[in-house]
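All remarks here apply to the structure that follows.
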Amino acid sequence: MVPERWHITYGLGTEAPLWTSVLDWAINVSRDGACVSSSSSRVSVRDDQWYLCNCSKGYQGNPYVKDGCKNINERKLPKLYPCPCKFGRRGEDCKPILYFPRLLLQY
Numbered sequence: 001m002v003p004e005r006w007h008i009t010y011g012l013g014t015e016a017p018l019w020t021s022v023l024d025w026a027i028n029v030s031r032d033g034a035c036v037s038s039s040s041s042r043v044s045v046r047d048d049q050w051y052l053c054n055c056s057k058g059y060q061g062n063p064y065v066k067d068g069c070k071n072i073n074e075r076k077l078p079k080l081y082p083c084p085c086k087f088g089r090r091g092e093d094c095k096p097i098l099y100f101p102r103l104l105l106q107y
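With the working numbering applied, the sequence shown corresponds to residues 1 to 107, in that order.
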C-alpha cells in the first residue's frame, strides 16, 4: 500500500520527503447508521453494494458525526453557489419577481 521507502526513519532536523496519497473508500450496505448528521444522506456507489454519506443541499461539514452538517448561507458564497435564476426571477424555484423596487423622484 505504501512504497518501501516509506518506512525509512529520519533523524532530528532532517526533512522527510512528502508522498501524495488518495484514499478511496465506501461503507458496505449491510452496515447501517453511518450517516449520523440529521442533514445528511446516503449516496450509493459501486453497484449499490457500498455507500458514502454527503451533507444535504445547503449544508457543509462532516455527515459522519452528530450535527456535523451545518447550514450554509449560499448568498455569502456566490462563487461556489451562483444564482441559477435569470434576471427578474429569484428563489429556489426561480419564480418571477412581481415587483421591482423603484426610485421615486419628486419635483
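Cβ atoms here follow ideal geometry from the backbone N, Cα and C, with glycine treated the same way.
Below-8 Å beta-carbon distance, residue i vs any chain B residue
{"i": "Leu80", "result": "The structure shown has no chain B; it contains just one protein chain."}
For residue i: DSSP bridge partner residues
{"i": "Asn71", "result": "Tyr59"}
{"i": "Ser44", "result": "Tyr51"}
Rounded C-alpha distance that separates residue i from residue j
{"i": "Asp24", "j": "Asp48", "result": "16 Å"}
{"i": "Asp32", "j": "Val45", "result": "15 Å"}
Residue i - DSSP class collapsed to helix/strand/coil
{"i": "Lys76", "result": "helix"}
{"i": "Pro82", "result": "coil"}
Residue environment, residue i, which counts as buried when at least 16 other CB atoms sit within 10 Å
{"i": "Pro84", "result": "exposed"}
{"i": "Cys69", "result": "buried"}
{"i": "Cys55", "result": "buried"}
Problem - Cβ contact (3+ pairs, closer than 8 Å) linking the segment 54 to 63 and the segment 31 to 44 - result: yes
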